[in-house]
Each structure stands twice: as C-alpha cells, then as structure tokens.
Amino acid sequence: MTLQDRYESAKEIYAKYGVDTDAAIEKLKDIPVSLHCWQGDDVTGFDHDGPLTGGIQTTGNYPGKARTPEELMMDIEQVIINTPGKKKLNLHASYAIFEEGEFVDRDKLEPKHFAKWVEFAKKHNMGIDFNPTFFSHDKVKDGLTLSSPDEKTRKFWIDHGKACIRISEYFANETGIPCVMNIWTGDGSKDIPADRLGPRERYKTAIEEILSEPHDKAKVKPCVESKVFGIGVESYTVGSAEFTLSFAATHEGCLPLMDNGHYHPTEVVSDKIPALLAFFPEIALHITRPVRWDSDHVVLFDDETREMAKEIVRSDALDRVNMALDYFDASINRISAWTVGFRSWQKALLSALCTPNATLKKLQDENNWTEVMLLMEEVKMLPFGDVWEMYCEKCGTTEREWFANVKKYEQEVGLKRI
Ligand code: RNT
Ligand code: ZN
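The numbering used here puts the first residue of the sequence shown at 121, with every later residue one more than the last.
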C-alpha cells in the first residue's frame with residue numbers, strides 16, 4: 121500500500137469522527153514553533169569562555185558540538201531539513217556575533233551584532249524570538265542579576281535588558297514578524313533566605329525599567345518566565361510562579377511564560393494553559409521534558425506533551441500561545457535530539473488537531489462522562505501515523521529517512537569537530 125492509499129483510508133476513518141485530516145494538515149503548516157538555538161552547543165554561546173551558570177546544566181559530552189556561529193547555523197539547517205512545520209528562530213543574547221577582534225559587553229549589545237542571524241533567518245523565512253542572557257557571565261554577582269542588592273550589578277543587567285528590547289524590535293522590523301522577548305533569570309539562593317521580599321521588589325522594579333525602554337508593542341512581546349528551583353539555587357527563586365504571573369497580570373503587554381520543567385512534579389502545565397487563557401490575550405510556553413527535575417530532556421510524544429497541545433487546540437488558541445522548545449541534551453547526537461524534539465511537538469499538535477474536540481466537549485457539557493472516556497480511548501487507536509506521514513511528506517520531509525541524513529552529516533561534519 122502506498123502512503124497515499126494509507127492516508128485515504130485514515131482520512132475516511134477520521135471523517136467518521138467528524139475530523140477533517142486535510143484541514144488539520146493545512147492548519148499545522150502555518151503555525152510557527154520557535155526552535156531554540158541553544159540545543160546545538162549546550163547553551164554555551166559565543167560571548168564568553170566560562171561555565172554554564174544560573175542553576176541550569178547540560179550533561180554528556182557527545183562529539184560534534186557547534187563551536188562557531190557558522191557551525192551552529194549549519195547544524196540548524198540540518199534540523200530545518202529534517203523536520204516538518206513552520207519555524208521561528210529562538211536566540212539568546214550570548215549568541216551575538218562579533219567581527220574579528222571586536223567585543224562589547226552585554227549591556228552594550230547592538231542590532232548589528234545579530235545581523236548575521238537576521239540574514240540566516242531571512243534565508244529560511246523565519247521570524248526571530250529573543251532572550252536576554254542573565255547567566256554565564258562574570259557580572260552575575262553572588263548568583264544575582266536583576267534582583268541584586270548591588271546597584272551597579274542591577275544597572276548592568278537592566279541595561280542588558282534594554283539593549284535586548286532594541287534588538288528585539290530590530291528583529292521584528294527586519295523579518296516583519298513580532299519578536300517574543302523572554303526574561304528569565306536564575307536569581308535565587310541555595311539556602312533559606314532571610315529576606316524574600318527585598319529581592320522580589322528589586323526584581324520587579326528592574327523588569328519595569330527594562331520594559332520602559334521605548335518599543336512598539338505590536339512588534340516586541342516581552343514575557344517573564346517563572347521557575348521553582350535550580351541546581352545550587354534550591355531554597356529560593358526570586359522569579360517564582362506567583363511573582364511572574366502577578367507581574368504579567370499587572371503589566372500590560374507583558375506575557376506570562378510557563379516552562380513545563382519549572383513546576384512541582386505533580387503540577388501539569390496542560391491544566392494551567394486554559395487557566396491563563398481565561399485572562400491573558402496571549403501567553404508563552406517553553407516546551408521541555410523534565411525527568412525528576414528540570415532536566416531539560418528531549419521532548420517526546422508523551423502523554424503530558426500531548427495534553428498540552430490538546431489544551432491549546434481545544435481552546436482554539438494556536439494564535440494566542442507563543443510556543444518555543446527549551447531543552448538541551450549533550451549525551452546523544454545533538455541534531456537528532458533537536459529533530460526528535462521538534463518533531464514530537466509537531467506530532468502533538470497534529471494529533472490534537474485530529475481529535476474530535478467538539479464532540480468531546482458536547483459530551484462533557486451533557487454530563488456524559490461515560491462516553492467522554494470511551495471516545496478518548498477510541499481516538500487513541502485511530503491511524504494517526506498515516507496522517508503524520510502524509511503531513512511530513514507534504515512538508516517535504518520524511519518520517520523514516522531523516523535519521524540517515526543525520527548519520528551522514530555526523531560522519532562528514534560532526535565527528536570532524538575535534
Ligand atoms: C532555565 C530556563 C530558561 C533557559 C533558557 C536557556 O531553567 O528554562 O528558559 O532554559 O533561557
Ligand atoms: Zn525555559
């Protein structure tokens with residue numbers, strides 16, 4: 121049986137459930153998902169030599185890590201080739217590209233330091249999202265940046281944030297696509313603090329100062345990302361869930377960003393998505409896979425990933441949720457890790473689009489929980505694989521052969537990076 125035959129048969133089966141698979145495929149093709157540049161080099165960046173700080177950690181030393189902007193761009197191109205779906209490029213400020221002999225610190229960054237990334241994004245028809253980098257830098261003082269009691273430290277990081285707003289607007293102007301600018305810091309303490317309010321008040325004022333940098337709200341969408349704890353920052357996180365959510369709720373134009381690795385183990389972001397959608401015109405997500413902690417494993421097509429995608433689709437909020445991937449695995453082929461994660465989220469979205477959501481909702485509203493359960497179980501057995509393969513085909517990639525490309529590239533390029 122050809123793929124076309126299999127797809128036609130699947131399409132018929134789905135139609136019996138009121139699902140239009142052609143429409144699902146067409147819809148997904150236009151939904152952008154932000155591809156994080158930092159999976160290619162273990163969150164190292166190009167503006168410093170020191171270790172990764174801020175309570176985050178990559179583990180593993182698989183060969184082939186990108187060492188230069190050119191290598192990173194080449195690797196991203198491999199991910200683009202091997203994945204279906206529309207992409208945005210997600211950059212961190214630490215990935216600034218300097219000319220030979222040039223260097224400026226993070227508070228002095230300018231759009232020109234990202235001109236090569238703009239060129240790259242344009243080449244691939246991508247918008248760009250951006251992140252100021254408040255970690256891996258010698259001006260992180262005693263583990264603190266925007267919440268530091270030291271005024272000079274705070275000022276440096278506020279200036280960094282303002283520079284990033286200007287760069288974000290430049291990205292939007294150049295690509296014609298709004299730029300989501302995410303503020304996350306690892307600020308916090310290893311042990312029980314004596315003052316929890318002080319750092320939060322300073323953090324609040326500092327973010328307000330960053331956002332006071334003039335910008336066009338239709339072009340730059342700032343957001344604040346919360347966290348529960350980090351390695352070495354176990355007892356107290358300044359930007360906790362309540363802090364960032366309250367900040368976003370009280371500052372117009374500022375979006376809350378939920379990273380599904382940043383909550384207590386039994387909390388689920390799938391349930392939080394519609395809760396926030398009831399209040400915010402737009403929200404942002406970092407999609408990751410936490411294993412026992414915020415371990416940033418590669419995203420898989422697993423239950424919670426699927427549930428998150430379902431909530432977005434069911435809420436008819438694909439245009440209100442800014443979706444970005446955020447994980448970093450250095451223990452396996454990095455391009456394969458990147459590709460599998462991107463494909464997994466695409467699968468989750470497509471499968472959500474192929475779910476009889478209207479019927480399920482109706483059954484729930486009629487208090488018919490018996491059939492809700494039954495139908496949910498039935499849908500799991502539908503021939504989704506055939507629809508997915510057709511989607512891949514229509515996007516010019518294949519379900520089966522991409523890994524051969526990755527292996528070839530590893531032999532020819534990755535393994536030569538020593
Ligand atoms: C860290 C946060 C943050 C980072 C990136 C690199 O726990 O999730 O989003 O992963 O900024
Ligand atoms: Zn994150």
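Using N, Cα and C, we set each Cβ at its ideal position, and we do this for glycine too. Values in this document were obtained by computation on a predicted structure and should not be read as measured data.
Suppose the cutoff is 7 Å on Cβ atoms and the five residues either side in sequence are ignored; what does the same chain contact list for residue i look like?
i, result
"T141", "A130, K131, Y134, C474, V507"
"A216", "F166, D167, L229, H233, F234"
"Q159", "Y447, F448, R454, A457, W458"
"L396", "P376, I403"
"Q177", "I351"
"V199", "L155, I455, W458, T459, F462"
So, are the CB atoms of residue i and residue j less than 9 Å apart?
i, j, result
"G180", "K347", "no"
"S366", "P319", "no"
"A457", "V418", "yes"
"S471", "F523", "no"
"N442", "C374", "no"
"I248", "Y511", "no"
"D416", "G381", "yes"
"R226", "F291", "no"
"E532", "E519", "no"
"F448", "L155", "no"
"F250", "T265", "no"
"S256", "S214", "yes"
"L445", "I403", "no"
"N293", "K339", "yes"
"K341", "V300", "yes"
"L148", "Q466", "yes"
"I330", "I285", "yes"
"R274", "R316", "no"
"I452", "I393", "no"
"E491", "L483", "yes"
"M428", "V460", "no"
"L469", "L438", "yes"
"R409", "T425", "yes"
"T173", "G306", "yes"
"G534", "G184", "yes"
"K207", "V153", "yes"
"D161", "R126", "no"
"A369", "F400", "yes"
Where do the N-terminal and C-terminal ends of the beta strand (DSSP E) with residue i fall, by residue?
i, result
"E345", "340-345"
"C299", "299-303"
"L365", "It is not in any beta strand (DSSP E) - L365 instead sits in the alpha helix (DSSP H) that spans 361-370."
"S154", "153-156"
"I403", "403-407"
"M443", "441-445"
With respect to the alpha helix (DSSP H) encompassing residue i, which residues constitute its N-terminal and C-terminal limits?
i, result
"C284", "271-295"
"P503", "Segment: none, P503 is in no alpha helix (DSSP H) and carries neither H nor E."
"W413", "W413 -> no alpha helix (DSSP H), and no H or E assigned at all."
"A524", "522-532"
"Q159", "No alpha helix (DSSP H) holds Q159; DSSP gives it neither H nor E."
"F462", "454-473"
"K149", "141-149"
"F487", "For the record, residue 487 in the displayed sequence is Asn; it is not Phe. No alpha helix (DSSP H) contains N487, which DSSP labels as neither H nor E."
"D125", "123-136"
"E424", "423-434"
"V389", "389-397"
"G170", "That residue, G170, is in no alpha helix (DSSP H); it is neither H nor E in DSSP."
"G318", "317-331"
Run through the DSSP bridge pairs and tell me what residue i is partnered with.
i, result
"T357", "G308"
"M378", "L405"
"L264", "K261"
"G350", "V353"
Between which residues of its own chain and residue i is the CB-CB distance below 6 Å, once the five residues before and five after are set aside?
i, result
"P231", "I287, Y290"
"P476", "Y137, G138, V139"
"I297", "G247"
"E190", "none"
"A283", "L229"
"S435", "P394, L397"
"K430", "A472"
"V238", "E294"
"Y356", "G308, S309, P313"
Does the beta carbon of residue i come closer than 9 Å to any beta carbon on chain D?
i, result
"V358", "Among the chains of the structure shown, chain D does not appear; only one protein chain is present."
Apart from the five residues on each side of it in sequence, which residues of its chain come closer than 8 Å, Cβ to Cβ, to residue i?
i, result
"T517", "I201, N202, T203, P204"
"H384", "V348"
"T364", "V344, E345, S346, P376, L377"
"C157", "L192, I196, L209, N210, L211, H212, Y215"
"T479", "Y137, G138, L495"
"M194", "A186, V533"
"G171", "According to the sequence as given, residue 171 is Pro; it is not Gly. Hits under 8 Å: S256."
Complete runs of the beta strand (DSSP E) confined to the region 173-257 [at least 3 residues]: DSSP runs (the beta strand (DSSP E)) wholly in the region 173-257: 207-212, 247-251.
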